[in-house]
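**Student:**
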Amino acid sequence: MSREEELRKAEERKAELERIRQKEERKRIERARIAEHEAEQRAIGNKLEKLGADSLAWFEVMPEHLIKVEQFLDQAEKDFEENAFVPFWTAMEKATSELGAFDNRIISIRDAFERYNNLAKEL
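Here is the structure:
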């Protein structure tokens, strides 16, 4: 084999090794892209799961707020009948506070619903 043929073959081997290296690099980049995408999807799924769990927890405590409101209003009614106005207004304030907490739960659930819908679109 002549010197020129040896050089040509060496160049061909070098070019082939470079093509293989580039192909492997493209595969590595694609695997990394897929892994990143899967991680993002898992993160979105975890957020969706948390939003659902939080909403359920908020929903489950809502009746407790209404029960307390009713108790405070019953107490306020008794206090009013007894002309005990300071305890009456205290009971009314507590009832109002519980209604506020109830309303906050509704707002939290609505906000979670909106975030859930927006995140679900990313899946």
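Note that the working numbering numbers the sequence shown so that position 85 is 310, with each residue one more than the last.
Just so it is clear, CB atoms sit at the ideal spot from N, CA and C, and this is done for glycine as well.
Treat the numbers as computed from the prediction; the structure is a model and nothing was measured.
Do the segment 332–339 and the segment 272–288 touch if we need at least three Cβ pairs shorter than 8 Å?
**Tutor:** They touch, by the three-pair rule.
**Student:** So the candidates are ALA309, PHE313, LEU281; which of them puts its Cα closest to the Cα of GLN296?
**Tutor:** As a working note, residue 296 is residue 71 in the sequence shown. Of ALA309, PHE313, LEU281, the residue nearest in Cα terms is PHE313.
**Student:** Here's the rule I'm using: 16 or more other beta-carbon atoms within 10 Å means buried, otherwise exposed. How should ALA301 be labelled?
**Tutor:** As a first step, residue 301 must be located in the sequence shown, where it is residue number 76. The residue is buried, with at least 16 neighbouring Cβ atoms inside 10 Å.
**Student:** So, ASP304 versus ALA316, is the Cβ gap smaller than 8 Å?
**Tutor:** Within the sequence shown, residue 304 is the residue found at index 79, counting from 1. Within the sequence shown, residue 316 is the residue found at index 91, counting from 1. Contact: yes.
**Student:** What residues in its chain sit with their C-beta under 7 Å from that of LEU344, if we drop five residues either side in the sequence?
**Tutor:** Position 119 of the sequence shown holds residue 344. For LEU344, where only same-chain residues beyond five positions count, the Cβ hits under 7 Å are ILE269, LYS272, LEU273.
**Student:** Pick from LYS346, GLU347, ASP299, LYS293: whose alpha carbon is nearest that of GLY325?
**Tutor:** Taking the first residue of the sequence shown as position 1, residue 325 is located at position 100. The candidate whose alpha carbon is nearest that of GLY325 is LYS293.
**Student:** Taking the C-alpha atoms as reference points, what is the distance between SER227 and ALA240?
**Tutor:** Stepping through the sequence shown from its first residue, residue 227 is reached at position 2. Stepping through the sequence shown from its first residue, residue 240 is reached at position 15. Answer to the nearest angstrom: the Cα atoms are 20 Å apart.
**Student:** Where does GLU285 sit, in a helix, a strand or coil, going by DSSP?
**Tutor:** Stepping through the sequence shown from its first residue, residue 285 is reached at position 60. Three-state DSSP puts GLU285 in a helix.
**Student:** If we count the other Cβ atoms within 10 Å of its Cβ and call it buried at 16 or more, is ARG330 buried or exposed?
**Tutor:** Here the question's residue 330 lines up with position 105 in the sequence shown. Label assigned to ARG330: buried.
**Student:** CA-CA distance, ILE259 and ALA320?
**Tutor:** Here residue 259 refers to the residue found at position 34 when the sequence shown is read from its first residue. Here residue 320 refers to the residue found at position 95 when the sequence shown is read from its first residue. Answer to the nearest angstrom: the Cα atoms are 54 Å apart.
**Student:** Can the beta-carbon of HIS290 be found less than 8 Å from the beta-carbon of GLU318?
**Tutor:** Counted from its first residue, the sequence shown places residue 290 at position 65. Counted from its first residue, the sequence shown places residue 318 at position 93. Their beta carbons are not under 8 Å apart, which means HIS290 does not touch GLU318 by this criterion.
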